[in-house]
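Visitor: Quick one: this structure, given as structure tokens, is what I'll be asking you about.
Residue numbers (full-length UniProt numbering): 1 to 418.
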């Protein structure tokens, strides 16, 4: 018996058999093959080829399902990408189900492989979410039971620590309920205990971070011997945000005297630490009456925030070639692009971290095999050379501290503002 309009489907059993069933025959016909499509037996002489469009649609749906259960990408995006890659014919596209028709089944398949979201502030992480691609555990035992103060939004903050081996590598991801000093100290204690368990010491000699008060206090308590610097980029951006908050943006861009004074405030971090306070007061004294009036609130902010609240030794980056944690910011951008959601659930987020760990593991192997790190952009090298030249002139008594500050402020002007 033959037919020109029929539909064919198959199932694969646990016995490595494939069951082909014709859904259009009067009495359901079947053929048994192995998984390599080698014929085993059939239910009589009912045999024919299926329509090629039907096969293409089934293959398309199979690809969708495979990606659906392996990725956290939105189903609509997977659907669009697979349509582009499959290059389906017009006739096949006409018979293809719409994404809204496929979405319920795909969502169901994804949910079956994802643990239920806990409504409690304490839950366990399944084994499959504790392993990386190499089947090694990457979840520290002390962190397997998460304790949080909120049920609706269990995790408020993520900290990750990078180390430098030619390039920056994320070594630890810490998902924290808050930004308090005691929380950071608990995280550091866990890392220290883990280091001891593998006969290592968790004693960083230099730490570069942003200016969170809780983190600064925790680092001072736990790593008193380490040199702790704040990110110069975060420092300049904090000042520029204050300029905008005070309504000085227009004046900053239109008045060169105001702009020069603001940039000198930003450049104070590049001066020798023993010259910062005197240079700040000198800047206020030597500024015109108009500048002092317009920037009065900005001067008060700088004095309170950067001379009182934050220790000078943290935001001073004199002599440092590595002054920013831009590698962390770049990693944040990559995570945001990959996750494609503002508030992913914990299981989706852990899956993403597993793929990121695999990526950086491969990158580290390549670096160990002699691969070269990405070179700095020419502008960054040019700025560093100018700063080094100014330092050499100052140390050689070719200029005083006011001239050094003026030169550094002009260098600051070459860096991109956000």
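We treat Cβ as the ideally placed atom computed from N, Cα and C, and that holds for glycine.
Skipping 5 residues on each side, what residues in its chain have a beta carbon closer than 6 Å to that of residue 143?
Guide: The count along the chain shown starts at 1 and reaches residue 143 at position 143. For residue 143, the predicted model reports a pLDDT of 42, less than 50, meaning its position is unreliable; a value from the coordinates is still stated below. Cβ neighbours of residue 143 beyond the five flanking positions: none.
Visitor: Just list the alpha helix (DSSP H) runs in the stretch 56-120, keeping only unbroken ones of 4 residues or longer that don't cross its boundaries, in chain order.
Guide: 75-86, 90-95 and 99-112
Visitor: In the DSSP assignment, what are the bridge partners of residue 31?
Guide: Position 31 of the chain shown, counting from 1, holds the residue named residue 31. Paired residues: 20 and 42.
Visitor: What are the start and end residues of the alpha helix (DSSP H) that includes residue 260?
Guide: Mapped onto the chain shown, residue 260 falls at position 260. That run of the alpha helix (DSSP H) goes 256-267.
Visitor: Report, in whole angstroms, the separation of the C-beta atoms of residue 280 and residue 268, which I expect to be a contact under 8 Å.
Guide: Within the chain shown, residue 280 is the residue found at index 280, counting from 1. Within the chain shown, residue 268 is the residue found at index 268, counting from 1. Right, their Cβ atoms sit about 6 Å apart.
Visitor: Using DSSP's beta-bridge definition, name the partner residues of residue 227.
Guide: The residue you call residue 227 lines up with position 227 of the chain shown. Answer by DSSP bridge pairing, in chain order: 206.
Visitor: Taking residue 287 as the reference, which of 217, 352 and 264 has the closest Cα?
Guide: In the chain shown, the residue the question calls residue 287 occupies position 287. With distances taken between Cα atoms, residue 287 lies closest to 264.
Visitor: Output yes or no for whether 8 Å exceeds the beta carbon distance between residue 78 and residue 64.
Guide: Translated into the one-based positions of the chain shown, residue 78 becomes position 78. Translated into the one-based positions of the chain shown, residue 64 becomes position 64. Yes, these two residues count as a Cβ contact at 8 Å.
Visitor: Go ahead and pull the three-state DSSP assignment for residue 173.
Guide: Within the chain shown, residue 173 is the residue found at index 173, counting from 1. Strand at residue 173.
Visitor: Do residue 96 and residue 75 have their C-beta atoms closer together than 8 Å?
Guide: Taking the first residue of the chain shown as position 1, residue 96 is located at position 96. Taking the first residue of the chain shown as position 1, residue 75 is located at position 75. No, the Cβ-Cβ distance between residue 96 and residue 75 is not below 8 Å.
Visitor: Just to check my reading of the structure: residue 325 and residue 209 have Cβ atoms closer than 8 Å, yes? What is that Cβ distance to the nearest angstrom?
Guide: For the purposes of this step, residue 325 is identified with residue 325 of the chain shown, where counting begins at 1. For the purposes of this step, residue 209 is identified with residue 209 of the chain shown, where counting begins at 1. With a Cβ gap of about 7 Å, residue 325 and residue 209 count as contacting.
Visitor: Closer than 7 Å by C-beta to residue 292: which residues in its own chain qualify, once you throw out the five before and the five after it? Chain order, please.
Guide: As a first step, residue 292 must be located in the chain shown, where it is residue number 292. These residues qualify, in order along the chain: 284.
Visitor: Have a look at residue 152 and residue 115 and give me their C-alpha separation to the nearest angstrom.
Guide: One-based indexing of the chain shown puts residue 152 at position 152. One-based indexing of the chain shown puts residue 115 at position 115. Its pLDDT being 28, under 50, residue 152 is placed unreliably in this model, and the coordinates cannot settle the point.
Visitor: Quick check on the burial criterion: 16 or more other C-beta atoms within 10 angstroms. Buried or exposed for residue 390?
Guide: What you label residue 390 is simply residue 390 of the chain shown in a count that begins at 1. That one is buried.
Visitor: So, at 7 Å on beta carbons, what are the nonlocal neighbours of residue 86 in its own chain, with the 5 sequence-adjacent residues on each side left out?
Guide: Position 86 of the chain shown, counted from the first residue, corresponds to residue 86. Answer for residue 86: 60, listed in chain order.
Visitor: Straight-line CA distance for residue 387 to residue 173?
Guide: Residue mapping note: residue 387 aligns to position 387 of the chain shown, counting from 1. Residue mapping note: residue 173 aligns to position 173 of the chain shown, counting from 1. Rounded to whole angstroms, residue 387 to residue 173 spans 34 Å at the Cα level.
Visitor: Are the CB atoms of residue 56 and residue 88 nearer to each other than 8 Å?
Guide: For the purposes of this step, residue 56 is identified with residue 56 of the chain shown, where counting begins at 1. For the purposes of this step, residue 88 is identified with residue 88 of the chain shown, where counting begins at 1. Against a cut-off of 8 Å, the Cβ pair of residue 88 and residue 56 comes out as a contact.
Visitor: Return the CA-CA distance between residue 322 and residue 311, expressed in angstroms with no decimal places.
Guide: If you number the chain shown from 1, residue 322 lands on position 322. If you number the chain shown from 1, residue 311 lands on position 311. Spanning the two alpha carbons is a distance of roughly 19 Å.
Visitor: Output the distance between the C-alpha atoms of residue 205 and residue 225, rounded to the nearest integer angstrom.
Guide: Indexing the chain shown from 1 puts residue 205 at position 205. Indexing the chain shown from 1 puts residue 225 at position 225. Going by the C-alpha atoms only, they are around 7 Å apart.
Visitor: Got a sec, what are the start and stop residues for the alpha helix (DSSP H) residue 311 sits in?
Guide: As a working mapping, residue 311 is identified with position 311 in the chain shown. Premise fails: residue 311 is in no alpha helix (DSSP H) and is neither H nor E.
Visitor: Please determine if the stretch 237-246 and the stretch 298-310 are in contact, where contact requires at least 3 C-beta pairs separated by less than 8 Å.
Guide: yes
Visitor: Using the Cα positions of residue 233 and residue 320, report the straight-line distance between them to the nearest angstrom.
Guide: Your numbering for residue 233 matches position 233 in the chain shown. Your numbering for residue 320 matches position 320 in the chain shown. When rounded, the distance between both Cα atoms is 13 Å.
Visitor: Determine the direct distance from the alpha carbon of residue 379 to that of residue 66, and round the result to whole angstroms.
Guide: Your numbering for residue 66 matches position 66 in the chain shown. Your numbering for residue 379 matches position 379 in the chain shown. Those two C-alpha atoms are separated by around 45 Å.
Visitor: Using DSSP with H/G/I as helix, E/B as strand and the rest coil, what is residue 195?
Guide: The residue given as residue 195 occupies position 195 in the chain shown. Note: residue 195 maps to helix in three-state DSSP.
Visitor: Should residue 256 be labelled buried (16 or more other beta-carbon atoms within 10 Å of its own) or exposed?
Guide: Position 256 of the chain shown, counted from the start, is the residue given in the question as residue 256. Classification of residue 256: exposed, given that the 10 Å Cβ count is below 16.
Visitor: Ordered along the chain, which non-local residues of its own chain (more than five positions away) have a Cβ less than 7 Å from that of residue 353?
Guide: As a working mapping, residue 353 is identified with position 353 in the chain shown. 173, listed in sequence order.
Visitor: On the DSSP letters alone, give me the boundaries of the alpha helix (DSSP H) that residue 217 sits inside.
Guide: Within the chain shown, numbered from 1, the residue matching residue 217 stands at position 217. Element bounds for residue 217: 213-222.
Visitor: What would DSSP say about residue 278, mapped onto helix, strand or coil?
Guide: The residue given as residue 278 occupies position 278 in the chain shown. Helix, per DSSP.
Visitor: Mark residue 182 as exposed unless 16 or more other C-beta atoms lie within 10 angstroms of its C-beta, in which case mark it buried.
Guide: As a first step, residue 182 must be located in the chain shown, where it is residue number 182. The residue in question, residue 182, is exposed, as its Cβ has fewer than 16 Cβ neighbours within 10 Å.
Visitor: Grab me the residues of residue 201's own chain with a C-beta within less than 6 Å of its C-beta, minus the 5 sequence neighbours each way, in chain order.
Guide: Here residue 201 corresponds to residue number 201 of the chain shown, with the count starting at 1. Cβ within range, chain order: 195.
Visitor: Thinking C-alpha only, which one of 52, 37, 51 and 32 is nearest residue 43?
Guide: Here residue 43 corresponds to residue number 43 of the chain shown, with the count starting at 1. The residue with the shortest Cα to Cα distance from residue 43 is 32.
Visitor: Evaluate residue 222 with the Cβ neighbour count: other Cβ atoms within 10 Å of its Cβ, from every protein chain shown; 16 or more gives buried, anything less gives exposed.
Guide: Indexing the chain shown from 1 puts residue 222 at position 222. Label assigned to residue 222: buried.
Visitor: Could you check what DSSP says for residue 344 in three-state terms: helix, strand or coil?
Guide: Mapped onto the chain shown, residue 344 falls at position 344. Reduced to three states, the DSSP call for residue 344 is coil.
Visitor: Starting from residue 294, trace the alpha helix (DSSP H) in both directions and tell me its first and last residue.
Guide: As a first step, residue 294 must be located in the chain shown, where it is residue number 294. Segment 289-294, the alpha helix (DSSP H) holding residue 294.
Visitor: Might you give, ordered along the chain, the residues of its own chain that have their beta carbon closer than 7 Å to the beta carbon of residue 188, omitting 5 neighbours on each side?
Guide: Translated into positions along the chain shown, residue 188 becomes position 188. Same-chain partners within the cutoff: 218 and 222.
Visitor: So residue 360 and residue 169 are supposed to be a Cβ contact under 8 Å. How far apart are they, rounded?
Guide: Position 360 of the chain shown holds residue 360. Position 169 of the chain shown holds residue 169. Confirmed, Cβ separation roughly 6 Å.
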